[in-house]
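Worksheet: the structure to be examined is printed underneath.
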Amino acid sequence: MSKITRRDFIKLTGAGAATLALGSLGYSTAARAANGPRVVVVGGGFGGATCAKYLRRADQNIQVTLVEPNTKFITCPFSNYVIGGMRNIESITHTYDALRSKHGVTVMHDTVTAIDAAGKKVTLKSGKTLPYDRLVVSPGIDFKWTAISGYSEQAASVMPHAWKAGAQTTLLRQKLEAMKDGGLVVMVAPPNPFRCPPGPYERASIIAHYLKQHKPKSKIIILDPKDAFSKQGLFMAGWEKLYPGMIEWVPGSKGGEVVSVNTKTMVVEGKLDKYKAAVVNVIPPQTAGTIALKSGLADDKGWCPVDPKTFESKLHPGIHVIGDASIAGALPKSGFAANSEAKIAASAIVAMFRGEGVADASYVNTCYSLLSPNYGISVAGVYRVTDKGIVEIGGGVSPKDATAGFREDEAKYATGWYASITADTWG
Amino acid sequence: MRFEKLKKILMMLIAGVAATACSTTPTPPPAKPAATPAPQMVEKPVTPAAAANMANNCFACHGPNGVSPGSIPSLHTLTANNIAEMLKAFKSGQRPSTVMGRHAKGYTNTEIEAISSHIASLNKK
Chain A
253 MSKITRRDFI
263 KLTGAGAATL
273 ALGSLGYSTA
283 ARAANGPRVV
293 VVGGGFGGAT
303 CAKYLRRADQ
313 NIQVTLVEPN
323 TKFITCPFSN
333 YVIGGMRNIE
343 SITHTYDALR
353 SKHGVTVMHD
363 TVTAIDAAGK
373 KVTLKSGKTL
383 PYDRLVVSPG
393 IDFKWTAISG
403 YSEQAASVMP
413 HAWKAGAQTT
423 LLRQKLEAMK
433 DGGLVVMVAP
443 PNPFRCPPGP
453 YERASIIAHY
463 LKQHKPKSKI
473 IILDPKDAFS
483 KQGLFMAGWE
493 KLYPGMIEWV
503 PGSKGGEVVS
513 VNTKTMVVEG
523 KLDKYKAAVV
533 NVIPPQTAGT
543 IALKSGLADD
553 KGWCPVDPKT
563 FESKLHPGIH
573 VIGDASIAGA
583 LPKSGFAANS
593 EAKIAASAIV
603 AMFRGEGVAD
613 ASYVNTCYSL
623 LSPNYGISVA
633 GVYRVTDKGI
643 VEIGGGVSPK
653 DATAGFREDE
663 AKYATGWYAS
673 ITADTWG
Chain B
7 MRFEKLKKIL
17 MMLIAGVAAT
27 ACSTTPTPPP
37 AKPAATPAPQ
47 MVEKPVTPAA
57 AANMANNCFA
67 CHGPNGVSPG
77 SIPSLHTLTA
87 NNIAEMLKAF
97 KSGQRPSTVM
107 GRHAKGYTNT
117 EIEAISSHIA
127 SLNKK
């Protein structure tokens with residue numbers, strides 16, 4: 253590895269030349285980084301894309317290669333509004349063009365099939381091998397397909413999960429559109445921990461918003477193995493106000509745990525009751541993305557233990573695991589948290605390459621949920637690292653008795669947040 | 007709320023010690039405070055790298071380098087003083103907000119100043 257730092261480079265070439273080289277010409281930055289330390293980033297979602305970008309933003313000497321199978325990324329945030337018919341899928345689809353052209357990230361559309369932690373290299377589906385000095389793994393989640401009897405990858409074509417955005421999102425939308433007025437929608441909520449804690453309940457709200465206008469005789473039942481959920485008080489008060497009698501939540505203590513589903517009869521069997529549904533949305537129990545499990549980065553529960561200050565794996569030094577796949581203390585599994593973790597990991601990696609001390613970490617999360625297009629609620633948190641790991645030191649949920657104007661402002665800011673975070677991640 | 011008040015007084019006292027420019031007579035730290043604020047909320051110096059770590063989180067809502075493409079206000083046109091004053095007012099509740107009050111309570115005044123300076127310094131580049 254070359255020892256030429258950016259500072260040295262400026263010294264060597266003179267500040268004027270450095271300014272030219274730092275211009276928007278992609279080839280000059282790429283050429284200059286040819287001998288810098290190498291980081292491979294696995295996964296181009298909120299975690300991976302942000303980390304790749306912020307590594308280059310902090311130090312253009314670092315060679316960053318992002319490996320992501322899809323040429324476009326469709327976000328889970330705002331996918332509920334596609335399901336509700338308020339947005340189209342294009343509006344939640346992002347490309348990697350800016351990461352390449354503006355930030356000098358090498359983006360490869362390929363799949364990492366193996367990680368060799370000892371040899372510091374990854375193998376791709378195409379057969380290529382990529383050596384690295386540090387690896388960032390941001391694989392998101394995968395499903396425990398066999399956890400619910402009758403559910404499977406095939407069953408998801410009848411009972412969509414829509415918990416990875418894309419074709420599944422569109423499929424759930426189509427099923428809701430095809431449903432007759434009066435049909436029952438059953439949602440199967442997952443046990444903790446899972447991606448996007450308020451997500452299932454926002455989805456129920458937005459589906460109710462659609463049903464109220466187009467299928468007012470229909471109802472939604474949420475079968476939940478849990479007895480509590482994120483922003484519960486705010487959601488339930490909002491449902492009462494906006495959709496009285498339309499959404500029924502069955503908690504675990506009242507038989508909410510689902511035993512089996514049948515894609516032929518469309519019957520969902522809970523611990524106490526059976527439900528004959530017109531549309532079923534099964535959000536299965538989850539683990540860290542498969543590559544993390546295959547590479548020995550996860551514990552026996554299927555999630556990845558990391559150093560809370562750097563997100564470096566506790567099981568494989570030299571590898572950082574960020575986003576939903578990691579065990580991040582009080583931080584939720586959200587796109588926002590992944591973006592925040594990615595920045596801290598990038599900052600730590602830069603410091604490590606320079607032989608400097610890692611600066612104090614600070615994380616933030618804000619999750620907006622819409623109950624209708626002009627009724628928004630939020631949960632916000634500021635997080636620091638203590639001897640107990642990552643803990644929340646400030647934050648909270650929207651006030652219980654806020655005005656209609658407050659809810660409207662939060663709905664407006666939800667949309668603003670989406671524009672900002674996607675620009676911060678992929679722009 | 008009594009605890010909040012106590013915390014505020016305590017933080018003002020500690021801030022008095024930390025402040026270099028404003029305080030004329032350094033206040034000795036309280037010998038044995040009745041209620042100790044969370045260790046993270048004690049005023050202490052912030053390194054530039056730690057300030058950058060904190061400030062980078064702002065861009066998820068306020069856009070890259072504080073340039074917002076949507077309905078959330080941009081930060082890039084504000085001075086360090088503007089940002090710090092606003093954050094402190096959000097923190098105290100003096101300035102109403104939807105979410106900023108909840109965020110601002112997670113930072114000491116020293117951190118607020120360091121974050122604000124960092125964001126303002128980016129704009130001039």
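Line order of the protein sequences matches chains A and B. Under my numbering, think of the first position of the first sequence as 253, with each following residue one higher. Under my numbering, think of the first position of the second sequence as 7, with each following residue one higher. We put the beta carbon where it would ideally sit given N, CA and C, even for glycine.
List the DSSP bridge partners of residue i.
i: N533(A); result: M439(A)
i: P684(A); result: Summary: the structure shown does not reach residue 684(A), with chain A confined to residues 253 through 679, and so no result is reported for it.
i: P383(A); result: K373(A)
i: Q315(A); result: R290(A)
i: G522(A); result: V510(A)
Starting from residue i and walking both ways along the beta strand (DSSP E), at which residues does that stretch end?
i: V389(A); result: R386 to V389
i: G646(A); result: G641 to V649
i: E660(A); result: Unbroken run through E660(A) is the alpha helix (DSSP H), A656 to W678; no beta strand (DSSP E).
i: T618(A); result: Y615 to S624
i: Y348(A); result: Element bounds for Y348(A): n/a, residue is neither H nor E.
i: M360(A); result: T358 to M360
i: E500(A); result: I499 to V502
i: L545(A); result: Per DSSP, L545(A) belongs to no beta strand (DSSP E); it is in the alpha helix (DSSP H), T542 to K546.
i: F395(A); result: I393 to F395
i: V573(A); result: I571 to V573
i: I367(A); result: V364 to D368
Once you ignore the five residues that flank residue i on each side, which residues in its own chain have a CB closer than 6 Å to its CB?
i: K38(B); result: Low local confidence applies: a pLDDT of 47 at K38(B) is under 50, so the model's placement there is unreliable, with the coordinate-based value given in what follows. Closer than 6 Å at the Cβ level, and outside the excluded window around K38(B), lies no residue.
i: R352(A); result: V359
i: K427(A); result: V531
i: A282(A); result: Interpretation of A282(A) is limited by its pLDDT of 47, a score under 50 that renders its predicted location unreliable; the figure taken from the coordinates is listed afterwards. Excluding sequence neighbours, A282(A) sits near G356.
i: P569(A); result: none
i: P503(A); result: D476 and D479
i: V319(A); result: V294, M360, D362 and V364
i: A120(B); result: V52 and A57
i: S123(B); result: A86
i: E500(A); result: I473
i: V637(A); result: P560, K561 and A613
i: G299(A); result: S390, I574, G575, A590 and A594
i: Y403(A); result: V513 and V534
i: P557(A); result: D551, K566 and I579
i: I367(A); result: V374 and S547
Apart from the five residues just before and just after residue i, which ones in its own chain have a Cβ nearer than 8 Å to its Cβ?
i: A350(A); result: W678 and G679
i: A671(A); result: none
i: K469(A); result: D433 and G434
i: K111(B); result: K97
i: D394(A); result: Q538, T539, A540, G541, T542 and L545
i: F658(A); result: S650 and P651
i: G278(A); result: For G278(A), the predicted structure reports a pLDDT of 41, less than 50, and the residue's modelled location is therefore unreliable. The matter cannot be settled from this model.
From what residue to what residue does the alpha helix (DSSP H) around residue i run?
i: H68(B); result: F65 to H68
i: N514(A); result: Premise fails: N514(A) lies in the beta strand (DSSP E), V510 to N514, not in any alpha helix (DSSP H).
i: H109(B); result: M106 to A110
i: G300(A); result: F298 to A310
i: S630(A); result: Looking at the DSSP string, S630(A) is not in any alpha helix (DSSP H); the run it does join, the beta strand (DSSP E), is Y627 to T638.
i: K427(A); result: A419 to A430
i: A408(A); result: Here A408(A) belongs to no alpha helix (DSSP H), and DSSP marks it neither H nor E.
What whole-angstrom Cβ distance do residue i and residue j have, given they're in contact under 8 Å?
i: M498(A); j: K528(A); result: M498(A) to K528(A), Cβ: 18 Å. No contact.
i: M439(A); j: A456(A); result: 6 Å
i: G522(A); j: V510(A); result: 6 Å
i: P289(A); j: F605(A); result: 5 Å
i: W682(A); j: A589(A); result: Chain A is shown only over 253 to 679; residue 682(A) falls outside these bounds and no answer can be derived.
i: K561(A); j: A594(A); result: Not really, about 14 Å apart at Cβ, beyond 8 Å.
i: Y620(A); j: A666(A); result: 4 Å
Within its chain, find whatever has a CB closer than 7 Å to the CB of residue i; leave out the 5 residues flanking it on each side and keep chain order.
i: P625(A); result: M338 and A663
i: N71(B); result: F65, H82 and L128
i: I125(B); result: A61, C64, G72, L81 and I89
i: P34(B); result: Any answer about P34(B) is weak, because its pLDDT of 45 lies below 50 and its placement is not dependable; what the coordinates show is given next. Closer than 7 Å at the Cβ level, and outside the excluded window around P34(B), lies no residue.
i: C303(A); result: V293, V388, S390, I574, A594, A597 and A598
i: S276(A); result: With a pLDDT of only 40 at S276(A), under 50, the local geometry of the prediction cannot be trusted, and no value is derived from it.
i: H461(A); result: G336 and S624
*the stretch 657-674 of chain A: positions lying closer than 8 Å to chain B by Cβ*: F658, D661, E662, K664, Y665, T667, G668, W669, Y670, A671, S672 and I673
*asked:* Please identify, using Cβ separations under 8 Å, the residues of the stretch 78-96 of chain B that lie next to chain A, in order along the chain.
replied: I78
_Residues within the stretch 513-540 of chain A neighbouring chain B, beta-carbon criterion of under 8 Å_ = none
*Quick one: which residues of the stretch 610-622 of chain A get their C-beta closer than 8 Å to a C-beta of chain B? List them in chain order.*
A611, D612, A613, S614, Y615, V616 and T618
*Residues of the stretch 59-78 of chain B with a CB closer than 7 Å to any CB of chain A: list them in chain order, please.*
N59, M60, N62, N63, F65, A66, C67, H68, G69, P70, S74, P75, G76, S77 and I78
*Could you please tell me which residues of the stretch 95-110 of chain B, in chain order, have their CB closer than 7 Å to any CB of chain A?*
T104, V105, R108 and H109
*When you check each C-beta in the stretch 46-57 of chain B against every C-beta of chain A, which residues fall closer than 9 Å?*
Q46, M47, V52, T53, P54, A55, A56 and A57
*the stretch 564-596 of chain A: which residues have C-beta closer than 7 Å to a C-beta of chain B, in chain order?*
F588, N591, S592, K595 and I596
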